[in-house]
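First comes the structure, then the notes that go with it.
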Amino acid sequence: MEHQLVVFELENEKYGVDIASVEGIIKMQEITRLPHAPEFIEGITNLRGTIVPVVDLRTRFGLPSKEPTRDTRIVIANMDSSKVGIIVDAVTQVIRVPEDKIEPPPQMSVTINSAFIKNIAKLESELVILLDLGKVLSTEEREALTVMA
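Just so it is clear: in the sequence shown, position 136 is 136 by full-length UniProt numbering, and no numbers are missing.
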């Protein structure tokens, strides 16, 4: 069995999410900030008439902030029953990875909170950290996002 992944970059690291959880990828666009929102919530944006909350994955992972570039993208992902935009430095590719190239994450700590990591894909020249989007936000945080949208 193969896994189809959307691969993106944050701080020169490669991350991947299952393509089935991705509804779309858009260029960075205007985001309206919300008062009293958690720090990692960048705000909300209008996506074809639907208000979508937007999460800054750099802030969520404790990485240094960075001004958007022409490569910055918002990955529109399905979390539970709602859409969430996730800001990433760049989307680099969509790949198919055979099951035997995917391993559980090592037990040691990595750059980001290991609870977010589902698996590691071992490609020929690099490793891709596979994220569990369901764990990037807690249940309470996802509920708060639903109220914002």
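Every residue gets a Cβ at the ideal spot worked out from N, C-alpha and C, and that includes glycine.
Here the structure is a predicted model, which means the values were calculated and not measured.
Identity of the residues DSSP links to residue i by a beta bridge
i	result
M28	Paired residues: none, contrary to the question.
E11	Answer is none; E11 lacks a bridge partner.
H3	V97
E103	I120
Local Cβ density within 10 Å of residue i, reported as buried at 16 or more and exposed below that
i	result
P53	buried
R73	buried
D100	exposed
G85	buried
I87	buried
Chain-order list of residues whose beta-carbon lies under 6 Å from that of residue i (same chain, five-residue window excluded)
i	result
I31	E42, G43, T45, V54
I25	R73, V75, V91
V6	V17, I19, V22, V94
Chain-order list of residues whose beta-carbon lies under 7 Å from that of residue i (same chain, five-residue window excluded)
i	result
L133	V17, S21, A77, M79
T59	E39, F40, S65
Neighbourhood of residue i by C-beta distance below 8 Å, restricted to the same chain and skipping five residues each side
i	result
P105	S114, I117, K118, N119, I120, I129
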